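Numbering (my numbering), first residue to last: 277 to 821.
C-beta: ideal position from N, C-alpha, C; glycine also.
Keep in mind it's a predicted model, so treat the numbers as computed, not measured.
Written out below as structure tokens is the structure these notes cover.
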Ligand SMILES: Cc1cc2nc3c(=O)[nH]c(=O)nc-3n(C[C@H](O)[C@H](O)[C@H](O)COP(=O)(O)OP(=O)(O)OC[C@H]3O[C@@H](n4cnc5c(N)ncnc54)[C@H](O)[C@@H]3O)c2cc1C
């Protein structure tokens, strides 16, 4: 049994846990983050990536709306390379209640959100693919945020300041000594090694799984899991976030992100014991496509790439409520006060875009318990890669000889860290993923610096396999690079390839018709027909690799 001693333990490598780890590290607190899978593999990697202006919540939840607009302004400064400041539109369709438009303007005023009325003509100029029959439009400071980049940048910064990160390591229980939580028991899921980590404070940032963590400490906490599904279409049909101007409901947001657009979302209650088995239902896909087409008619002419879903980590306050009625506000629990169990706090609820604020609240309480007096610095300290404004023209000049498109994509994904990635040696900028312009140099950097253990993790750091071909022509090249850079044996890399294709398949299966079906047949032909991947025998545990 391995044993680690530290000051603070953070359970969960979603945006909230990663943000808390970074905040603590900036205050000089030694901390260990434990994540059962990969960073951003929970709800953080399963949402729209909408950098809310708060407008969506302004009528029903003024407090959330105010939090959103405050954090929106902070993140645009400290996380530049994770954000696209696209702006957003709220549009009224002929079947929508026209009075909601005026109500939204009024409530945005209370929340401090700049919400500007624009003519239909102007809205169509901003977003030419919009339904031309809209009746009214509002322009708001919505944007998009890449959850993978954001979480990874928080983890990277914390590690550079001395934090320890254990991914693919699940916490199986809280260790208690009398009325105090003093550590956690965990297991590395890849090697099977068991370990115990001890610390003065444990921050439970495990999202919807927080209920299980609390239960292992003998504490009752009831989550109210609400599933939301989304579909991704094969190209970017909009350049600004398009929202429907009505009481929040199914299928009323279309968000552009990198090379694609996505339509979201739905809200369905799920039983707690089913949260790890959720899948996208046929009726959800039909609703999303139908509603999306009302906002942007071109949706009907696109190819659906994949569908996925996530579970909102909402904490139940009372009775049986619909997922949209329950508070999405931030919940910080001091278990010493609530349950008489010292050494443990839970941070949950909120949103991706309020992760920094949630982390600040959790770190403030953790530091108070540890008697550390340092103040939060995350409002002003830029994430690695976002230190200065991105200047594409200067970067292109600096990397003369490397294709502009490669420089542009690397800069877009890694900001100033581009200098740690690109250099003029030809091998470095050779393309591995053509859809997303991912180079060998970017993969080498991710393998060495960004806690990548397999190709699925690599996808989250670089977008490899996220574009229109969904990993057909890049996955096997990436598998080879794991071996080249000593990150896996050849048998392990073959196994990774199979796991990656299986993982991609989960998202494609619900949308298997038309071009998506043809693409899958082609992919099957490459990997089974040409490479014979289905016939590869993988070594059993203990066998020589
Ligand atoms: C459909 C949908 C759409 C959304 N859209 C948006 C949006 O557009 N904008 C926005 O701001 N917010 C959005 N949200 C909300 C947002 O995604 C979440 O609030 C946020 O990502 C939660 O982050 P988290 O870090 O708290 O939780 P998570 O990301 O779930 O992180 C918890 C982590 O804990 C890990 N974990 C669990 N158990 C253990 C264990 N035993 N040991 C170790 N690790 C463990 C999990 O693997 C997971 O990685 C959306 C949510 C949903 C469901």
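Residues that DSSP places opposite residue i in a beta bridge
| i | result |
| --- | --- |
| residue 883 | The requested residue 883 does not occur in the structure, where the chain is confined to residues 277 to 821. |
| residue 540 | 506 and 529 |
| residue 480 | 287 and 622 |
| residue 278 | 471 |
| residue 709 | 714 |
| residue 591 | 499 |
| residue 584 | 506 |
| residue 463 | 446 and 470 |
| residue 545 | 502 |
| residue 607 | 624 |
Proximity test, residue i beta-carbon vs ligand 1 heavy atom, cut-off 7 angstroms
| i | result |
| --- | --- |
| residue 320 | yes |
| residue 635 | no |
| residue 226 | Not covered by the structure: residue 226. The range shown for the chain is 277 to 821. |
| residue 311 | yes |
| residue 801 | no |
| residue 638 | no |
| residue 541 | yes |
| residue 481 | yes |
| residue 690 | no |
| residue 323 | yes |
| residue 588 | yes |
| residue 658 | no |
| residue 772 | no |
| residue 305 | no |
| residue 378 | no |
| residue 383 | no |
| residue 444 | no |
| residue 291 | yes |
| residue 627 | yes |
| residue 759 | no |
| residue 494 | no |
| residue 617 | no |
| residue 365 | no |
| residue 317 | yes |
| residue 825 | Because the chain in this structure spans residues 277 to 821, residue 825 falls outside the shown range and cannot be described. |
| residue 326 | yes |
| residue 516 | no |
Counted within 10 angstroms of its Cβ, other Cβ atoms place residue i as buried (16 or more) or exposed
| i | result |
| --- | --- |
| residue 601 | Residue confidence is low: residue 601 scores 43 on pLDDT, short of 50, so the model does not pin down where it sits. No coordinate-derived value is stated. |
| residue 501 | buried |
| residue 627 | buried |
| residue 788 | exposed |
| residue 281 | exposed |
| residue 545 | exposed |
| residue 596 | Low confidence applies to residue 596: its pLDDT is 45, below 50, so where it sits in the model is not reliable, and the reading given next is rough at best. Looking at its Cβ environment, which holds fewer than 16 other Cβ atoms inside 10 Å, residue 596 is exposed. |
| residue 598 | For residue 598, the predicted structure reports a pLDDT of 48, less than 50, and the residue's modelled location is therefore unreliable. The matter cannot be settled from this model. |
| residue 386 | exposed |
| residue 468 | exposed |
| residue 307 | buried |
| residue 430 | buried |
| residue 668 | exposed |
| residue 676 | exposed |
| residue 813 | exposed |
Pair within 8 angstroms by beta-carbon distance, residue i and residue j
| i | j | result |
| --- | --- | --- |
| residue 413 | residue 296 | no |
| residue 748 | residue 807 | no |
| residue 765 | residue 759 | yes |
| residue 316 | residue 580 | no |
| residue 690 | residue 717 | no |
| residue 332 | residue 434 | no |
| residue 396 | residue 310 | no |
| residue 445 | residue 463 | yes |
| residue 519 | residue 508 | no |
| residue 754 | residue 731 | yes |
| residue 367 | residue 571 | yes |
| residue 638 | residue 460 | no |
| residue 322 | residue 709 | no |
| residue 679 | residue 711 | no |
| residue 305 | residue 284 | yes |
| residue 563 | residue 511 | no |
| residue 417 | residue 515 | no |
Residue i: CB within 7 angstroms of a non-hydrogen atom of ligand 3
| i | result |
| --- | --- |
| residue 728 | No copy of ligand 3 occurs in the structure displayed; its ligands are ligand 1 alone. |
Test: residue i CB closer than 8 angstroms to a CB of chain D
| i | result |
| --- | --- |
| residue 682 | Of the protein chains in the structure, only one exists, and it is not chain D. |
Which full runs of the alpha helix (DSSP H) of 4+ residues lie inside the segment 379-430, going along the chain?
With a minimum length of 4 residues, the continuous alpha helix (DSSP H) runs that stay inside the segment 379-430 are 396-402.
Extract the residue ranges of the beta strand (DSSP E) inside the segment 427-452, only unbroken runs of 3 or more that lie entirely within it.
For the segment 427-452, whole beta strand (DSSP E) runs of length 3 or above, ordered along the chain, are 440-442.
What are the uninterrupted segments assigned as alpha helix (DSSP H) that are 4 or more residues long and contained completely in the segment 743-796, given in chain order?
751-760 and 766-784, all fully within the segment 743-796.
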